[in-house]
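Structure first, then comments.
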Amino acid sequence: MMDFALRRRIVTSGLVLAATVFLTSGAFAQDEPGALYAMTNTAGGNSILIFDRAANGALTSAGSVATGGAGEGSGLGSQGSLVLTNDQRWLLAVNAGSNDVTVFSVTPDGLQWRSKTPSGGAMPISIAIHGRLIYVLNAGTPNVSGFHLSSDGTLTPVPGSTQLLNGAAGPAQVAFSADGELLFVTDKPTNEIFTLRVDNDGVAGAPVAHASNGATPFGFAVDQRDHLVVSEAHGGPNGTSALSSYDVDEEGDLRLISGSVPTHQGAACWVVITENDKFAFTSDTASGVITGFSLSREGSVATLDPQGVSARPGSAPTDLALSENSRFLFALNSGSGTIAGWRIGSDGALAFTGAAAGIPASASGIAAR
């Protein structure tokens, strides 16, 4: 018959093992360290600032690497100018001043320069990625142009992929649908959203223009159910910015789900959606505020805070980025020359994790892992 002391040791060991499994696989698992990248966009020579991200979200400067191209020297007014591939192996950056795109490989030793390729137009400002298919939005032309990303980090143009965005006057972003069968482009001055179907060879078809529900459609994000969530800067006056969401069918037609849900702030421009599709965040540049939204399975959005204030990151927040697991949110603050970070709670609440300083005023684009 087993004595009491032995039974207690067995039970205790079992509880410790169960707790260990829970802590390492569940909600309390330790976060892994990562990195954050910011693009200087300087006219004299574009470069990427590198920051190590600690497990608690804190950022530490880890140097920089040149793109080999030129930036624009001032804000690009776009989203997606610096992007990581889904597998986190490649980082792509636009060089708006020299009309090309630089590819870096992401290695344990840092970023390694791999290639620089003409963007297929003038003034590239945004990059869309689906697997190894890349599309670049050129604001100066304006057009979109496609490329294949090879295993050695070079970009090869997709024949017949360049499409003019007729009527566009100030495009802001290009991105793929979740399944990669559509491209979206927002155009701020004309209040239009373009959709382009992409065939099996990666060739984009002619763009189709759709009227935005609200004024000045800017940044956007797409959830895993192909709901399109678009910020509406409304020209920037305080209290008039908003977020709209759309359902997208296979042909690229848009059906409004939530129309112009207000941020109660000014110049909502950049948008990200968490990996679990539960929350969206937008930076309200004119108000110096981050606004959080809940996102339903059906694609409807609602503000988390009645005043639209989830965080106050600093002066003129612009680009936003989520860490690979969406546990951390980062904002580039062009007015204060900082990058601020927050941990995202299970209810969408933001807990400040610190800020990195010394970011040039010309900086545009951040990406995180």
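Add 180 to a position in the sequence shown, counting from 1, and you land on the number used in the working numbering.
By construction, the Cβ of each residue, glycine as well, lies at the ideal position given by its N, Cα and C atoms.
Query                                                                                                           : Result
Same chain, Cβ closer than 7 Å to Pro-614, neighbours up to 5 away in sequence not counted                      : Residue 614 is absent from the structure shown; the chain starts at 181 and stops at 549.
Limits of the unbroken beta strand (DSSP E) element including Gln-292                                           : 290–298
Asp-361, enclosing beta strand (DSSP E) - first and last residue                                                : The identity of residue 361 in the sequence shown is Glu, whereas the question assumes Asp. Note, Glu-361: premise wrong, no beta strand (DSSP E); not H, not E.
Straight-line gap, Ser-516 to Ser-495 (C-alpha atoms, nearest Å)                                                : 5 Å
Bridge partners - Asn-275, DSSP secondary structure assignment                                                  : Asp-280
Ordered list of beta strand (DSSP E) runs contained in the region 233–279, each at least 3 residues             : 239–246, 262–264, 270–275
Alpha carbon of Arg-549 to alpha carbon of Tyr-217, nearest angstrom                                            : 9 Å
C-alpha gap between Val-338 and Ala-529, whole angstroms                                                        : 43 Å
Pair within 8 Å by beta-carbon distance, Phe-508 and Ile-519                                                    : no
Boundaries of the beta strand (DSSP E) in which Asn-513 is found, first to last residue                         : 508–513
Helix, strand or coil at Thr-336 according to DSSP, with G and I counted as helix                               : strand
Ser-514 classed as buried or exposed, judged by whether at least 16 other C-beta atoms fall within 10 angstroms : buried
DSSP-derived helix/strand/coil call for Ala-447                                                                 : coil
Assigned exposure category for Arg-233 - 16 Cβ within 10 Å defines buried                                       : buried
Length at least 3, wholly inside the region 378–434: the beta strand (DSSP E) runs in chain order               : 388–391, 397–402, 407–412, 422–428
Segment contact flag, the region 353–361 with the region 326–345, C-beta cutoff 8 Å, min 3 pairs                : no
Glu-478 versus Phe-459, Gly-237, Gly-260, Leu-291, residue with shortest Cα-Cα distance                         : Phe-459
Sub-8 Å separation of Ser-241 and Ala-536 beta-carbons                                                          : yes
Proximity of Ile-228 and Ala-273 at Cβ, strictly below 8 Å                                                      : yes
Residues that Pro-540 bridges to, as DSSP identifies them                                                       : None, per the DSSP bridge assignment.
Residue from Phe-510, Leu-271, Gly-251 whose Cα sits closest to the Cα of Gly-224                               : Gly-251
Beta-bridge pairing of Leu-229 - partner residues as DSSP gives them                                            : Ala-218, Ser-244
Three-way DSSP call (helix, strand, coil) for Val-324 in this model                                             : strand
Proximal residues to Glu-455 (C-beta, below 7 Å), its chain only, five neighbours per side dropped              : Asn-505, Ser-506
The region 381–399 / the region 417–433 touching (three or more Cβ pairs under 8 Å)                             : yes
Anticipated Cβ contact below 8 Å, Ile-453 with Asp-527, distance rounded                                        : About 16 Å; that fails the 8 Å criterion.
Contact belief for Ser-474 with Ser-261 at Cβ below 8 Å, rounded distance in angstroms                          : The Cβ separation is near 28 Å, so there is no contact.
Backbone CA spacing between Ser-490 and Val-324 [nearest angstrom]                                              : 34 Å
Residues near Thr-321 in its chain [Cβ-Cβ closer than 6 Å; skip 5 each side]                                    : Gly-301, Ala-302
Neighbourhood of Asn-266 by C-beta, 6 Å cutoff - its chain only, sequence neighbours within 5 removed           : none
Buried versus exposed call for Asn-318 [16 or more other C-beta atoms within 10 Å across all chains shown]      : buried
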